[in-house]
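Student: Residue numbers (our numbering): 3 to 336.
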Ligand code: SF4
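Next up, the structure:
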């Protein structure tokens with residue numbers, strides 16, 4: 003069976019949060035015309051509370067790099083085009099694993115793969131797919147307008163395959179028929195055993211907490227898919243999968259005041275907004291004012307969230323309403 007059929011059979015989807023079908027993306031880049039193509043492995047992992055890619059680089063770096071090589075082979079087969087791979091890596095991971103990864107890369111001279119360190123100060127948005135392309139090209143690190151998509155017009159306008167570390171890891175497993183429909187979950191917050199766990203990809207949040215010995219004995223709620231942009235659920239809503247980047251953060255209900263928790267999310271977005279578009283740049287600033295006022299104007303806050311949702315240029319702005327609205331609905335219940 004060829005690699006694309008193996009990926010299809012394994013039903014692999016992107017593990018950066020978007021869950022786009024991997025085989026479809028690979029075929030789009032393969033079909034795109036061009037004498038030069040690129041493969042980019044996103045190892046920027048900037049969402050607070052998500053640590054799975056770091057865990058994979060630390061423990062299974064060879065596998066992730068093997069997945070990149072498989073992508074290069076797939077794109078170059080029967081095509082006379084040059085292919086170069088990049089691993090776009092954050093500072094912390096470069097410091098911890100860069101030497102080891104470079105050694106693995108150097109062991110096989112057949113492939114051109116290079117580590118590219120995420121630029122200083124590029125923050126959360128520096129890990130967005132098209133911001134990565136700008137960063138590697140030496141441009142200002144901010145998202146690009148889409149379409150065109152990186153699959154046809156990516157690095158230096160060439161077809162570019164961008165996948166997350168976990169996706170390349172899974173591709174390597176699928177290629178050697180070892181993929182077992184598992185995924186990595188980061189569990190953190192007010193729990194006993196903070197860590198990254200490899201478990202079946204169809205477990206409910208409740209089962210993940212129980213299997214990892216992290217189901218709280220106190221009143222709690224969780225945030226799923228990242229400490230900043232994840233959805234907030236109460237303890238009666240745990241019969242669903244841990245979506246997006248597969249993280250679960252536990253909050254002890256008695257420990258946090260609503261304002262404190264809202265402020266935490268909003269100040270994150272204020273700090274991380276790249277300022278390129280008005281709805282997000284101004285919106286998060288105004289949200290911050292509302293949250294810090296003595297009496298929260300919820301009607302105005304909702305209007306701003308609608309604007310962010312509908313008019314933001316990229317995913318950072320449009321995701322701001324997710325934690326705030328779900329917290330209000332599922333925890334504050336009004
Ligand atoms: S939504 Fe925010 S992060 Fe995205 S482009 Fe606009 S200002 Fe930048």
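By construction, the Cβ of each residue, glycine as well, lies at the ideal position given by its N, Cα and C atoms.
#1: Once the 5 residues before and after residue 274 are set aside, which same chain residues still bring their CB inside 7 Å of it?
#2: Quickly, what does DSSP pair residue 234 with across the bridge? List them, please.
#3: Starting from residue 290 and walking both ways along the alpha helix (DSSP H), at which residues does that stretch end?
#4: List, from N- to C-terminal side, the alpha helix (DSSP H) runs of 4 residues or more that fit wholly inside the region 18 to 70.
#5: Report buried or exposed for residue 8, applying the criterion of at least 16 other Cβ atoms within 10 angstroms of its Cβ.
#6: From the DSSP output, read off the bridge partner residues of residue 186.
#7: Does DSSP put residue 171 in a helix, a strand or coil?
#8: For the region 316 to 336 and the region 225 to 236, state whether three or more C-beta atom pairs, one from each stretch, are separated by less than 8 Å.
#9: Could you give the distance in angstroms between the alpha-carbon of residue 283 and the alpha-carbon of residue 312?
#10: Closer than 7 Å: is that where the CB of residue 180 sits relative to any heavy atom of the ligand SF4?
#11: So is residue 280 buried or exposed if we call it buried at 16+ other beta carbons inside 10 Å?
#12: So, residue 322 versus residue 307, is the Cβ gap smaller than 8 Å?
#13: For the ligand SF4, any of its heavy atoms closer than 7 Å to the Cβ of residue 342?
#14: Which residues does DSSP pair with residue 252 in a beta bridge?
#15: Per DSSP, what kind of secondary structure is residue 126 in: helix, strand or coil?
#16: Counting pairs of beta carbons, one from the region 174 to 184 and one from the region 151 to 160, are three or more of them closer than 8 Å?
#17: Would you decide whether residue 229 is buried or exposed? Buried here means 16 or more other CB atoms lie within 10 Å of its CB.
Tutor: The relevant details are as follows:
#1: Numbered from 1 along the chain shown, position 272 holds the residue referred to as residue 274. A distance below 7 Å between beta-carbons, with the five flanking residues on each side excluded, links residue 274 to the following residues of its chain, in chain order: 125, 126, 127, 318.
#2: The sequence position of residue 234 within the chain shown is 232, counting from 1. DSSP, once it has assigned bridges, lists 225 as partnering residue 234.
#3: Translated into positions along the chain shown, residue 290 becomes position 288. Where residue 290 is concerned, the enclosing alpha helix (DSSP H) stretches over 280 to 294.
#4: For the region 18 to 70, whole alpha helix (DSSP H) runs of length 4 or above, ordered along the chain, are 24 to 33.
#5: Within the chain shown, residue 8 is the residue found at index 6, counting from 1. A buried status is given to residue 8, since no fewer than 16 other beta-carbon atoms sit within 10 Å of its beta-carbon.
#6: On the chain shown, position 184 is the one that residue 186 refers to. DSSP lists 200 as the beta-bridge partner residues of residue 186.
#7: In the chain shown, counting from the first residue as 1, residue 171 sits at position 169. In the structure shown, residue 171 adopts helical secondary structure according to DSSP, grouped into three states.
#8: Yes, the region 316 to 336 touches the region 225 to 236.
#9: One-based indexing of the chain shown puts residue 283 at position 281. One-based indexing of the chain shown puts residue 312 at position 310. Cα atoms of residue 283 and residue 312: separation of roughly 14 Å, rounded to the nearest angstrom.
#10: The residue labelled residue 180 in the question sits at position 178 within the chain shown. Checking the Cβ of residue 180 against the ligand SF4 gives no.
#11: Within the chain shown, residue 280 is the residue found at index 278, counting from 1. With fewer than 16 other Cβ atoms within 10 Å, it is exposed.
#12: Start at 1 with the first residue of the chain shown, and residue 322 comes out as number 320. Start at 1 with the first residue of the chain shown, and residue 307 comes out as number 305. In contact: residue 322 and residue 307 (Cβ atoms closer than 8 Å).
#13: Within the shown structure, residues of the chain are numbered from 3 to 336, placing residue 342 beyond reach of any answer.
#14: Working through the chain shown from its first residue, we reach residue 252 at position 250. According to DSSP, which records beta bridges pairwise, residue 252 is partnered with 191, 224.
#15: Taking the first residue of the chain shown as position 1, residue 126 is located at position 124. Residue 126 falls in the helix class under three-state DSSP.
#16: When Cβ pairs closer than 8 Å are counted between the two stretches, the region 174 to 184 is seen not to touch the region 151 to 160, the count staying below three.
#17: On the chain shown, position 227 is the one that residue 229 refers to. Answer is buried; the Cβ neighbour count reaches 16.
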